[in-house]
Structures are given as structure tokens and as C-alpha cells.
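Undergrad: Heads up, the sequence shown is in the working numbering, so the first residue is 63 and it goes up one at a time. Built from N, CA and C at the ideal position, the CB exists for glycine as well. Take a look at this one; I'll ask things after.
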Amino acid sequence: MIECVYCNERYDNDEIIYNCKKCGSVLEVSLDVNVSKDIFESRKDTLWKYKEFMPVDESKIVSLDEGGTPFCKCEKLSKELDVELYVKVEGSNPTGSFKDRGMSVGITKAMELGVDIVGCASTGNTSASLAAYAARAGFRCIVLLPSGKVALGKLAQAMFHGAEVLSVNGNFDEALEVVTQLALEKHLYLLNSINPYRLEGQKSIGFEIIHELGWESPDRIILPVGNAGNISAIWKGITEFYNAGYMKDKPMMTGIQAEGACPIVNAFRKNSRDMIPVENPETIATAIRIGAPVSSIKALSAIYDSNGYSETVTDDEILSAQKELAQKEGIGVEPASAASIAGLKKLVNQGEIDKGEKIVCVVTGHLLKDPQTAIDACAKPTQIDADIEKLRSILMKKPN
Ligand SMILES: *Cc1c(COP(=O)(O)O)cnc(C)c1O
Ligand SMILES: [Zn+2]
């Protein structure tokens with residue numbers, strides 16, 4: 063059953079619908095699962111390990127073995143911040159971001175529905191992922207990208223997997239508005255996170271965190287928030303595992319936004335559920351450069367219902383957290399992903415996070431998605447001749 067999160071109107075699972083016809087709000091797939099958690103143990107480490115919780119036809123699955131991503135304890139940062147920190151490394155998915163989880167389920171649903179053309183608007187990763195899964199499934203794929211604002215790696219992926227790439231003169235929010243109109247006119251099947259099946263795949267991040275921690279909840283999950291689908295999805299997954307009786311507690315959902323694109327934080331600060339769009343969102347973290355998040359109502363519910371929190375970070379804080387994670391822990395992530403680490407540091411400094419908390423930061427995309435930002439953050443390589451004397455003298459010097 064597909065259900066409106068605002069007025070609870072219900073729709074059939076096979077209806078192609080993105081917003082409630084009665085009230086216009088966002089939809090979610092509701093399901094009732096009753097299985098023992100023991101059945102997951104012997105299965106391959108992909109999100110389909112939890113297939114009973116995926117509301118699609120098993121015979122139509124389109125997968126690149128997404129999910130089952132690394133879960134790394136960060137000893138140095140834990141010690142510095144006086145917390146117990148784990149990171150869920152979503153850059154290890156097939157196309158390098160968590161979007162693959164949503165696309166696997168979304169494209170499987172598209173197979174079931176028998177559509178021909180799929181499409182999305184994207185800040186980059188959604189298009190990279192959709193292009194790959196559409197190729198695998200054999201769909202024509204149209205992607206709309208905000209002109210000049212997409213990181214190089216993501217653009218390369220979307221083009222190379224054969225999507226028809228349209229560069230829109232406008233920002234992500236404007237691109238999403240026009241592609242949604244195309245979808246409502248039934249020209250294509252929309253795979254932005256307003257499609258509730260996308261979030262069904264992404265909720266598996268929540269499943270894996272709980273499973274990884276031995277069927278226990280961390281105290282807190284921190285993640286970057288753009289269009290607000292992922293925080294909503296993870297909370298849905300956590301709630302489903304909780305309701306199935308797999309664990310006793312739930313984590314505080316903590317959403318981090320860039321200072322220049324923070325409509326969710328603005329609403330949180332007013333203790334409100336009404337998101338007021340930010341007109342011209344701006345941040346170096348292009349994946350969260352979004353002014354009017356479509357899943358704001360779900361995200362704010364997740365934050366309030368979990369006794370969570372929401373905070374902004376600056377671009378400088380994002381870039382220094384990105385470097386710290388790379389150089390202290392060996393984990394390379396794109397700027398948006400580092401917002402979770404930057405947010406963690408800020409909330410520890412503010413005393414919002416308690417000493418000893420068990421925290422999972424979701425780092426959402428791979429470092430190589432945005433090579434230019436990485437290169438710009440480093441000194442140029444030293445140019446030398448292949449001369450042993452010169453090399454020796456360099457090695458004798460301490461690095462700065
Ligand atoms: C899509 C994306 C986000 C934002 O996720 P939302 O579901 O839009 O809130 C954050 N980081 C990366 C790397 C992404 O690709
Ligand atoms: Zn409704």
C-alpha cells in the first residue's frame with residue numbers, strides 16, 4: 063500500500079503516483095513484515111539480504127550488489143572527540159554513493175510497472191546512479207543537471223553509462239520542478255527521491271547499521287541533508303526494525319545542512335514542521351545544494367520523533383572535516399559527506415552531544431566524485447628530476 067504521510071489517503075502499490083491526489087503531500091510505501099531476524103544471517107551482503115522488507119517483485123530485481131558497505135570504527139577521531147564513532151562508507155556502493163540502494167529498488171519497480179523511459183533531476187549522484195541502473199535494465203534514461211554545478215566524476219558517470227544529459231540553466235530545485243511536470247504528463251517514470259520506492263532501498267542503510275552493531279541501536283545517526291530523502295529513509299528502516307522487535311532502542315536522527323542551503327535547520331530552530339524554501343542555495347557541497355527539499359515533512363518528523371537535532375556547518379568546516387577524515391582515518395569522501403563529520407565536531411563543541419555517545423556518521427559519496435575540489439585543497443606535487451641525491455635530501459626534510 064502507498065500512503066500519504068499527511069492525510070493517510072491510500073493508493074495501490076502499482077499506481078504511478080508521486081504526490082497525494084487529495085492533499086499534495088509526499089507518499090510512503092507501508093508494509094507489514096513478520097519474519098525472524100535469523101533469516102538474514104546466511105545471505106549475501108547486499109541490501110537484498112533484507113528482501114522481505116523490499117516491497118517489489120523478487121523475480122524482477124535489478125541489482126549491482128549495492129549495499130553491504132564498510133562500517134569503520136574511527137579510533138583517532140573517537141579519542142579526540144570523546145565519543146565512539148563509526149562511519150558507514152556509502153562511497154563503496156557500485157557507482158560511489160548511497161543513491162544505488164534507492165535506484166536498485168526504484169528500477170526494479172520500473173521493471174514491474176513496464177515503463178520505457180526513466181528520468182531524474184540531479185545534483186549529480188542520482189544521475190550517475192540512474193544512468194548505470196537504467197543501462198543494466200535497458201531503459202532509455204533522461205537526466206537534468208544544473209548547468210556548471212555538477213562535480214566532474216558524477217557528470218562523467220552519467221554520460222558514460224549512456225544517459226541523455228540535459229544541462230539546465232537553473233538550479234536543482236528548478237530542474238526538479240520541470241522533470242516532475244514531465245513525469246506527471248507520463249512522459250517518463252521519475253526516479254527522484256519523491257518516488258517512494260527510492261526510499262525503500264535507502265532505508266537499508268538503517269538496517270545495516272543496526273545489524274552491524276549486533277542488533278543494537280547507536281545513540282545517534284548523523285548525516286548530510288539535501289533533498290531530505292535519505293534521513294527519512296533511514297528513519298523508516300530503523301522504525302521498521304524496531305517494530306519488528308529486532309532491537310530495544312532507536313537513535314537520535316541528526317541532520318546536517320550547509321549554511322547556504324539550510325531550510326530544514328531553519329524549520330528546526332523554530333520548532334516547526336513547515337519548511338520555508340531557501341531561494342538561492344549555495345555551498346561547495348554540491349550534493350546538498352538544495353533550497354526546497356521535497357521530503358522536508360518526513361525529515362522533520364524523523365528528527366522530532368527521535369529526539370534528534372539539526373545544525374548547519376560552513377563550507378570551511380566541511381572542507382576541513384573532509385581532509386581530517388581522509389588524513390587521520392584514511393576514508394576519502396566527497397564534500398557533502400563530510401558535512402556529517404563537521405556537524406559531529408560542532409555539536410560536540412556545543413555540548414549538544416554527550417561524552418561517550420555511540421555515533422554513526424553516514425558518509426554518503428566517494429572522494430573521487432569531486433576530484434577538482436580535492437586537488438584544489440592540496441599543495442601541488444613537487445617537481446623533481448629522477449636524481450637520487452635530490453630525493454635523499456627531500457626525505458631528510460620533515461614534511462610540513
Ligand atoms: C544525494 C546526496 C546527499 C543528500 O541526500 P538527500 O537524500 O537528498 O538528503 C548527500 N550526500 C551525497 C553524496 C549525495 O549524493
Ligand atoms: Zn494526502
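1) Is residue 349 a contact residue of ligand 1, with contact defined as CB to any heavy atom under 7 Å?
2) Which residues in the same chain as residue 157 place their Cβ atom closer than 7 Å to its Cβ, once the five residues preceding and following it in sequence are excluded?
3) In whole angstroms, what is the alpha-carbon distance linking residue 141 and residue 67?
4) DSSP has residue 371 in a bridge; who is on the other side?
5) Decide if residue 128 is buried, meaning its Cβ has at least 16 other Cβ atoms within 10 Å, or exposed.
6) List in chain order: all unbroken alpha helix (DSSP H) runs of 4+ residues lying wholly within the segment 421-460.
7) Along the chain, where does the alpha helix (DSSP H) that runs through residue 140 open and close?
8) Residue 277: buried (16+ other C-beta within 10 angstroms of its C-beta) or exposed?
9) Between residue 379 and residue 361, is the Cβ-Cβ spacing less than 8 Å?
10) To the nearest angstrom, report how far apart residue 170 and residue 105 are at their CA atoms.
11) For a test of the three-state rule: what should DSSP assign to residue 81, helix, strand or coil?
12) Roughly how many angstroms lie between the CA atoms of residue 302 and residue 63, to the nearest whole one?
13) Could you tell me if the beta carbon of residue 68 falls within a distance shorter than 7 Å of some heavy atom in ligand 2?
14) In the structure shown, what three-state DSSP assignment does residue 306 receive?
15) With respect to the alpha helix (DSSP H) encompassing residue 402, which residues constitute its N-terminal and C-terminal limits?
16) Measure the CB-CB distance between residue 271 and residue 280 and report whether it falls below 8 Å.
17) Helix or strand or just coil, what does DSSP make of residue 227?
18) For the putative contact between residue 203 and residue 254, defined by C-beta atoms under 8 Å, what is the C-beta separation to the nearest angstrom?
19) Return the CA-CA distance between residue 146 and residue 139, expressed in angstroms with no decimal places.
20) Ligand 2 and residue 84: does any heavy atom of the ligand fall closer than 7 Å to the residue's C-beta?
21) Work out the CA separation of residue 152 and residue 424 for me, nearest whole Å.
22) Excluding the five sequence neighbours on either side, which residues of its own chain have a C-beta within less than 7 Å of the C-beta of residue 252, listed in chain order?
23) Name the two residues that bound the continuous beta strand (DSSP E) containing residue 181.
24) Rank 444, 178 and 368 by C-alpha distance to the C-alpha of residue 249 and give the top, closest one.
25) Which two residues bound the contiguous beta strand (DSSP E) that contains residue 202?
26) Name, in chain order, the residues that DSSP records as bridge partners for residue 91.
27) Between residue 309 and residue 282, is the Cβ-Cβ spacing less than 8 Å?
28) Within a Cβ cutoff of 7 Å, which residues of the same chain sit near residue 262, ignoring the five residues on either side of it in sequence?
29) Would you mind reading off the limits of the alpha helix (DSSP H) that contains residue 325?
30) Should the segment 328-346 be regarded as contacting the segment 386-394, the criterion being three or more beta carbon pairs within less than 8 Å?
31) What are the boundary residues of the alpha helix (DSSP H) that includes residue 351?
32) Could you compute how far the alpha carbon of residue 125 sits from the alpha carbon of residue 256?
33) Hey, how far is the Cα of residue 306 from the Cα of residue 410?
TA: On the basis of the coordinates in this document:
1) Locating residue 349 in the sequence shown gives position 287, counting from the first residue. Under cutoff, so the answer is yes.
2) Numbered from its first residue, the sequence shown carries residue 157 at position 95. Excluding sequence neighbours, residue 157 sits near 190, 191, 194 and 219.
3) The residue given as residue 141 occupies position 79 in the sequence shown. The residue given as residue 67 occupies position 5 in the sequence shown. Each residue's Cα considered, the two are about 41 Å apart.
4) Indexing the sequence shown from 1 puts residue 371 at position 309. Looking at the DSSP assignment, residue 371 forms a beta bridge with 316.
5) Along the sequence shown, read from residue 1 onward, the residue named residue 128 stands at position 66. Looking at its Cβ environment, which holds 16 or more other Cβ atoms inside 10 Å, residue 128 is buried.
6) 433-438 and 450-458
7) Indexing the sequence shown from 1 puts residue 140 at position 78. Its alpha helix (DSSP H) spans residues 137-143.
8) In the sequence shown, the residue the question calls residue 277 occupies position 215. When all chains shown are included, residue 277 counts as exposed.
9) Walking along the sequence shown from the start, residue 379 turns up at place 317. Walking along the sequence shown from the start, residue 361 turns up at place 299. No, these two residues do not count as a Cβ contact at 8 Å.
10) By one-based count along the sequence shown, residue 170 stands at place 108. By one-based count along the sequence shown, residue 105 stands at place 43. So the alpha carbons of these two residues sit roughly 20 Å apart.
11) As a first step, residue 81 must be located in the sequence shown, where it is residue number 19. Reduced to three states, the DSSP call for residue 81 is strand.
12) As a first step, residue 302 is located in the sequence shown; it is residue number 240 there, counting from the start. As a first step, residue 63 is located in the sequence shown; it is residue number 1 there, counting from the start. Straight-line Cα distance between these residues: approximately 15 Å.
13) Against the sequence shown, residue 68 aligns to sequence position 6. At least one heavy atom of ligand 2 is nearer than 7 Å to the Cβ of residue 68, so yes.
14) Taking the first residue of the sequence shown as position 1, residue 306 is located at position 244. It is coil, neither helix nor strand.
15) Residue 402 sits at position 340 when you count from the first residue of the sequence shown. First-last of the alpha helix (DSSP H) with residue 402: 397-411.
16) The sequence position of residue 271 within the sequence shown is 209, counting from 1. The sequence position of residue 280 within the sequence shown is 218, counting from 1. Cβ atoms of residue 271 and residue 280: closer than 8 Å.
17) Indexing the sequence shown from 1 puts residue 227 at position 165. It is a strand residue.
18) Looking up residue 203 in the sequence shown gives position 141. Looking up residue 254 in the sequence shown gives position 192. In fact, because the Cβ distance is near 13 Å, the residues do not count as touching under 8 Å.
19) Locating residue 146 in the sequence shown gives position 84, counting from the first residue. Locating residue 139 in the sequence shown gives position 77, counting from the first residue. When rounded, the distance between both Cα atoms is 9 Å.
20) Locating residue 84 in the sequence shown gives position 22, where the first residue counts as 1. Residue 84 Cβ: within cutoff of ligand 2.
21) Against the sequence shown, residue 424 aligns to sequence position 362. Against the sequence shown, residue 152 aligns to sequence position 90. The straight-line gap from Cα to Cα measures roughly 7 Å.
22) Along the sequence shown, read from residue 1 onward, the residue named residue 252 stands at position 190. Around residue 252: 80, 181, 182, 241, 242 and 245.
23) Counting from 1 along the sequence shown, the entry for residue 181 is found at position 119. Segment 179-183, the beta strand (DSSP E) holding residue 181.
24) For the purposes of this step, residue 249 is taken as the residue at position 187 of the sequence shown. When only C-alpha atoms are compared, the closest one is 178.
25) Counted from its first residue, the sequence shown places residue 202 at position 140. Its beta strand (DSSP E) spans residues 202-208.
26) Taking the first residue of the sequence shown as position 1, residue 91 is located at position 29. Partner(s): 64.
27) On the sequence shown, position 247 is the one that residue 309 refers to. On the sequence shown, position 220 is the one that residue 282 refers to. Result no, Cβ atoms of residue 309 and residue 282 do not sit closer than 8 Å.
28) Locating residue 262 in the sequence shown gives position 200, where the first residue counts as 1. Excluding residues within five positions, the ones whose Cβ falls inside 7 Å are 91, 116, 117 and 167.
29) As a position in the sequence shown, residue 325 is number 263, starting the count at 1. Here the alpha helix (DSSP H) through residue 325 covers 325-331.
30) no
31) Sequence index remark: in the sequence shown, residue 351 carries index 289 (1-based). Here residue 351 belongs to no alpha helix (DSSP H), and DSSP marks it neither H nor E.
32) Along the sequence shown, read from residue 1 onward, the residue named residue 125 stands at position 63. Along the sequence shown, read from residue 1 onward, the residue named residue 256 stands at position 194. Approximately 21 Å between the Cα atoms of the pair.
33) The sequence position of residue 306 within the sequence shown is 244, counting from 1. The sequence position of residue 410 within the sequence shown is 348, counting from 1. Their backbone Cα atoms lie some 32 Å apart in a straight line.
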